[in-house]
Amino acid sequence: MNSSGPVSQFLRHHFRHFNAAALIDAAEAYRTHLDKGGKMMVTLAGAMSTAELGLSLAEMIRQDKVHAISCTGANLEEDIFNLIAHDFYERVPHYRHLTPEQEQELLERHMNRVTDTCIPEEEAIRRLEGALIEEWTRADQTGESFFPHQFLYRILRSGALKQYYQIDPRDSWVYAAMERDLPIYVPGWEDSTTGNIYAAHCIAGDIKNVHTVRGGIEYMIDLADWYTRTSARHSIGFFQIGGGIAGDFPICVVPMLHQDLRRTDVPVWGYFCQISDSTTSYGSYSGAVPNEKITWGKLAVDTPKFIIESDATIVAPLIFALVLGW
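In our numbering, the protein residues as written are 327 to 652.
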């Protein structure tokens, strides 16, 4: 792999052993996978959008290094929160030392804390809510239904929130995905702030059909179609940031196609890498070593497999930098 930029040169010179070496190996294999005509699914757990991963992920999308994304509802919405309310965010470097009373003060100021970062309710959440309600009710009244990410695509394309942009849209990964009409899968979207808001409007009767926003089973059906069509022409890799449903949901599409639909002509994932901070020995899926996935029919014996046990907010931008040649 040719590294051109100063970041890549630094990493290749200094990152020689242990998790640092695994980072280099995973990035090289990512590049090799793409160079051979492969495609890549990236999965986002945790609060990667509030960690502003869009600064590097958006460029990965624009440079055709990412071809589908699976993420939590939190990551989907929090990228937009950051786009429209960045200047109102507050960082709390001493968050480990906050007293319960200080946390109560943040609540009373409507500052929702995610580790060291506080999301402003009024400027972020309520601004997006207003635009979403318009799209939801319009679709509900016309009998249409769309996936959660498609509603956000419609809002971004309409410019309904453009007056509120407080960062360069090029640093928003959802905006970059919208520009390329990238497939996004959001399993468990109801476990998110906007999912809660949607449920509230259904309870209040503002939205008559709860299926106006399409759900997880339909996402899986759509993913099965995308994987089948795409894998017929390209090997598809799996780059997992963190664990949880964002990773578990999409990786299962392969054994579903094989074991439940009895299809024999669908290849398994052609590359696998996970950035993980989960302990392996507790039976969690997030902490499972890649070889365990062979027993579930997700990976093959010869699938390139990597696990980097470290902080994704540090590791993911560095791998992206290597893939992009920064």
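Positions of the beta carbon are idealized from the N, C-alpha and C atoms, including for glycine.
Is the beta carbon of ASP466 sitting closer than 7 Å to the one on ASN535? As a first step, residue 466 must be located in the sequence shown, where it is residue number 140. As a first step, residue 535 must be located in the sequence shown, where it is residue number 209. Contact flag set, yes.
Unbroken stretches of the beta strand (DSSP E), 3 residues or longer, contained in the stretch 505 to 588: 562 to 567
DSSP state of THR468, grouped into three classes? Position 142 of the sequence shown, counted from the start, is the residue given in the question as residue 468. Helix, per DSSP.
Kindly give me the distance between the Cβ atoms of THR556 and LYS391, rounded to whole angstroms, as I take these residues to be in contact under 8 Å. Counting from one through the sequence shown, the residue named residue 556 turns up at place 230. Counting from one through the sequence shown, the residue named residue 391 turns up at place 65. Actually they are not in contact, since the Cβ atoms of THR556 and LYS391 sit about 15 Å apart, beyond 8 Å.
Within its chain, find whatever has a CB closer than 6 Å to the CB of ALA502; leave out the 5 residues flanking it on each side and keep chain order. Walking along the sequence shown from the start, residue 502 turns up at place 176. Around ALA502: ALA384, ILE387 and ARG388.
When SER484, ARG453 and GLN600 are compared against GLY573, the one with the closest alpha-carbon: In the sequence shown, the residue the question calls residue 573 occupies position 247. That would be GLN600, whose Cα lies nearest to the Cα of GLY573.
Can you tell me whether THR605 is buried or exposed, with buried defined as 16 or more other CB within 10 angstroms of its CB? For this step, residue 605 is matched to residue 279 along the sequence shown. With fewer than 16 other Cβ atoms within 10 Å, it is exposed.
To the nearest whole angstrom, what separates the beta carbons of SER334 and GLY651, a pair I think is in contact under 8 Å? Counting from one through the sequence shown, the residue named residue 334 turns up at place 8. Counting from one through the sequence shown, the residue named residue 651 turns up at place 325. Going by Cβ atoms, the distance from SER334 to GLY651 rounds to 6 Å, so yes, they are a contact pair.
Applying the 10 Å Cβ sphere with the 16-neighbour rule, what's the burial state of HIS475? For the purposes of this step, residue 475 is taken as the residue at position 149 of the sequence shown. Per the 10 Å Cβ criterion, buried.
Using 8 Å as the Cβ pair cut-off and three pairs as the minimum, do the stretch 615 to 633 and the stretch 563 to 582 touch? yes
In angstroms with no decimal places, state the Cα-to-Cα distance between MET327 and MET367. Start at 1 with the first residue of the sequence shown, and residue 327 comes out as number 1. Start at 1 with the first residue of the sequence shown, and residue 367 comes out as number 41. Note that MET327 scores a pLDDT of 46, beneath 50, so its modelled location is shaky; the value from the coordinates is reported in the next line. Each residue's Cα considered, the two are about 21 Å apart.
Buried versus exposed, by CB contacts within 10 Å (16 or more), PRO576: For the purposes of this step, residue 576 is taken as the residue at position 250 of the sequence shown. PRO576 is buried by the Cβ-count criterion.
With a cut-off of 8 Å, do at least 3 Cβ pairs link the stretch 409 to 418 to the stretch 437 to 446? yes
Only counting runs of 4 or more residues, tell me where the alpha helix (DSSP H) segments fall wholly within the stretch 389 to 456, in order along the chain. 399 to 411 and 426 to 434
Taking the alpha-carbon of SER396 as reference, which of ASP548, THR554, GLY541 and VAL512 has the nearest alpha-carbon? Mapped onto the sequence shown, residue 396 falls at position 70. Residue VAL512 is the option with its Cα nearest to SER396.
Rank GLU635, VAL579 and LEU644 by C-alpha distance to the C-alpha of GLY623 and give the top, closest one. On the sequence shown, residue 623 is found 297 positions in, with the first residue counted as 1. Among GLU635, VAL579 and LEU644, the Cα nearest to that of GLY623 belongs to VAL579.
Tell me which residues share the same chain as VAL641 and place their Cβ nearer than 7 Å to its Cβ, disregarding the 5 neighbours each side in the sequence. Within the sequence shown, the letter at position 315 stands for residue 641. Only LEU349, ILE601 and ILE634 meet the Cβ criterion.
What does the alpha-carbon distance come out to for the pair GLY469 and GLY542? Walking along the sequence shown from the start, residue 469 turns up at place 143. Walking along the sequence shown from the start, residue 542 turns up at place 216. Answer to the nearest angstrom: the Cα atoms are 19 Å apart.
Helix, strand or coil for PHE487? Go by DSSP, reduced to three states. Here residue 487 is taken as the residue at index 161 of the sequence shown, counted from 1. The question names Phe, but residue 487 in the sequence shown is Leu. It is coil, neither helix nor strand.
Does the ligand ADP have even one heavy atom less than 6 Å from the beta-carbon of ALA373? The model on display carries no ligand, and the ligand ADP is accordingly not part of it.
Just curious, the alpha helix (DSSP H) that PHE336 is in, first and last residue? The count along the sequence shown starts at 1 and reaches residue 336 at position 10. Per DSSP, PHE336 belongs to the alpha helix (DSSP H) from 332 to 340.
Where does the unbroken beta strand (DSSP E) through VAL368 begin, and where does it stop? Sequence index remark: in the sequence shown, residue 368 carries index 42 (1-based). Unbroken beta strand (DSSP E) run through VAL368: 365 to 370.
Within the continuous beta strand (DSSP E) that includes ILE634, where are the two ends? The residue you call residue 634 lines up with position 308 of the sequence shown. From DSSP, the beta strand (DSSP E) with ILE634 extends over 631 to 635.
Please return the same chain residues whose Cβ sits closer than 7 Å to the Cβ of GLU448, not counting the five positions on each side in sequence. As a position in the sequence shown, residue 448 is number 122, starting the count at 1. Hits under 7 Å: HIS436.
Evaluate the contact criterion for the stretch 454 to 463 versus the stretch 420 to 436: three or more CB pairs, one atom per stretch, below 8 Å. no
Other residues of its chain near GLY568: CB distance less than 6 Å, five sequence neighbours each side excluded: Counted from its first residue, the sequence shown places residue 568 at position 242. If we look at GLY568 and ignore the five residues flanking it on each side, its Cβ neighbours are ALA371, GLY372 and ALA638.
Given THR398 as reference, the closest of LEU409, PHE407, HIS420 and SER375 once Cα atoms are compared: Here residue 398 is taken as the residue at index 72 of the sequence shown, counted from 1. That would be SER375, whose Cα lies nearest to the Cα of THR398.
Applying the criterion that 16 or more other CB atoms from any shown protein chain within 10 Å of the CB defines a buried residue, is LYS619 buried or exposed? Here residue 619 corresponds to residue number 293 of the sequence shown, with the count starting at 1. Its Cβ being crowded by 16 or more others within 10 Å, LYS619 is buried.
Whole-Å CB distance - ASN408 paired with GLU455, under 8 Å assumed: Sequence index remark: in the sequence shown, residue 408 carries index 82 (1-based). Sequence index remark: in the sequence shown, residue 455 carries index 129 (1-based). The Cβ separation is near 16 Å, so there is no contact.
Quick test of your reading: GLN659 and ILE410, contact by CB under 8 Å. State the CB separation rounded to the nearest angstrom. The structure shown has nothing for residue 659, since the chain only spans 327 to 652.
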